[in-house]
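Enquirer: Okay, so the sequence shown: first residue is 0 according to numbering that gives the first Met the number 0, each after it adds one.
The structure follows.
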Amino acid sequence: MRIWVPRPEPGAGRTGGRLRVLGHEPLVAPVLEVRPTGAALPAEPPDAVLLTSANAAEALGAGAAGLRGRPVFAVGARTAALARAAGLGPVADARGDAADLVRLVRARLAPGQRLLHVAGAERKAEPASALRAAGFALTVVIAYAAEPVAALPGAVADALRAGGLDAALHYSRRSATIATERAVAAGLGGAFGALKHYCLSADVAVALEAAGITAHFVPARPQEDDLLAGLAKAF
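Here it is in structure tokens:
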């Protein structure tokens with residue numbers, strides 16, 4: 000299949016490579032650009048660190064050195080791998096979403112401990128809300144921001160006009176929202192909506208459903224391996 004990958008780099012390029020190995024033709028054209036904020040970490044190290052995205056792990060940069068030796072709770076396999084590569088750990092992988100991360104933290108740590116959530120500027124209420132309610136002292140550091148592109152990438156617009164795309168692969172609610180909005184603004188909402196839309200999770204699919212677009216496939220677990228496996232399913 001000819002598949003648009005609108006997620007930001009560096010994840011977009013990695014996904015494109017995996018799609019090629021699977022025999023697909025990826026069009027890697029992000030609608031978000033991730034930029035580290037350079038925000039300082041708290042002077043006093045936390046009892047544990049929460050990473051809810053691979054972008055958070057990568058945005059730590061040199062700041063990771065001050066967190067070494069502290070337990071890290073990562074939302075998924077890719078985030079966990081990046082944390083280990085940065086020398087952080089021990090790293091525990093929640094292998095899921097924010098709710099799974101909350102369950103893992105509560106199973107491993109006692110209430111009252113100080114948690115540092117390394118996050119992006121656009122973030123959801125969880126896991127911070129649930130962990131604070133459970134008695135943890137949680138500090139959020141905004142380590143990166145994802146800036147939307149001003150217009151639909153030209154290569155995507157050309158492909159949609161020519162009928163040169165079969166599907167789109169969505170990894171976050173925000174990137175799915177921006178992709179939809181930019182396609183509509185370019186007068187290509189119909190062509191975009193007609194694609195097969197593969198979403199990492201039900202939460203991601205919400206962005207499409209709000210625009211009247213049906214998600215073609217959502218894996219049972221929010222894992223990239225499961226999402227890509229869905230491309231081989233016959234519908």
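From the three backbone atoms N, C-alpha and C, an ideal C-beta is built for every residue, glycine too.
Rounded to the nearest angstrom, what separates Phe72 and Ala84 at their Cα positions?
Expert: 14 Å
Enquirer: Under 7 Å between the Cβ atoms of Thr51 and Val74?
Expert: yes
Enquirer: Does DSSP put Ile177 in a helix, a strand or coil?
Expert: helix
Enquirer: In chain order, which beta strand (DSSP E) runs of at least 3 residues are fully inside the segment 81-145?
Expert: 90-92, 113-119
Enquirer: Express the C-alpha separation of Leu151 and Ala185 in angstroms, rounding to a whole number.
Expert: 7 Å
Enquirer: May I have the straight-line CA-CA distance separating Asp224 from Leu100, to the nearest angstrom?
Expert: 19 Å
Enquirer: Excluding the 5 residues preceding and the 5 following Glu125 in the sequence, name in chain order all residues of the same chain whose CB lies nearer than 6 Å to its CB.
Expert: Ala97
Enquirer: Which runs of the alpha helix (DSSP H) fall wholly inside the segment 25-84 and span at least 4 residues, in chain order?
Expert: 53-58, 76-84
Enquirer: Throw me the rounded Cβ distance for the Val117 and Ala55 pair, which I believe falls under 8 Å.
Expert: Their Cβ separation, rounded to whole angstroms, is 4 Å, which keeps Val117 and Ala55 in contact under 8 Å.
Enquirer: Starting from the Cα of Arg6, find the closest Cα among Leu194, Val148, Gly189, Gly211 and give me that residue.
Expert: Val148
Enquirer: Where does Val183 fall in DSSP's three states?
Expert: In the displayed model, Val183 falls within a helix according to three-state DSSP.
Enquirer: Which same chain residues end up closer than 7 Å to Gly163 when comparing Cβ atoms and leaving out the 5 residues on each side of it in sequence?
Expert: So the qualifying residues of the chain are Arg1.
Enquirer: I need the DSSP call for Ala167, collapsed to helix, strand or coil.
Expert: Judged by DSSP in its simplified three-state form, Ala167 adopts strand.
Enquirer: Tell me the residue span of the alpha helix (DSSP H) that contains Arg1.
Expert: No alpha helix (DSSP H) holds Arg1; the beta strand (DSSP E) holding it covers 1-4.
Enquirer: Just mark Asp92 as buried or exposed, buried being the case when its beta carbon has 16 or more other beta carbons within 10 Å.
Expert: Its Cβ being crowded by 16 or more others within 10 Å, Asp92 is buried.
Enquirer: With a Cβ-Cβ cutoff of 7 Å, do Leu21 and Leu114 count as a contact?
Expert: no
Enquirer: Is the separation between the beta-carbon of Gly86 and that of Arg67 shorter than 7 Å?
Expert: yes
Enquirer: Go through its chain and collect everything with a Cβ distance to Arg19's Cβ below 7 Å, but skip five positions before and after it.
Expert: Pro25
Enquirer: Per the contact definition of three or more C-beta pairs closer than 8 Å, is the segment 163-182 in contact with the segment 202-220?
Expert: yes
Enquirer: Considering His196, what are the terminal residues of the beta strand (DSSP E) in which it resides?
Expert: 195-198 is the extent of the beta strand (DSSP E) around His196.
Enquirer: Between Ser174 and the rest of its own chain, which residues show a CB-CB distance below 6 Å, the 5 nearest in sequence each way excluded?
Expert: Pro5, Arg6, Val30, Leu31
Enquirer: Please report how far the alpha carbon of Phe191 lies from the alpha carbon of Leu226, in whole angstroms.
Expert: 20 Å
Enquirer: Is the beta carbon of Thr36 less than 7 Å from the beta carbon of Ala144?
Expert: yes
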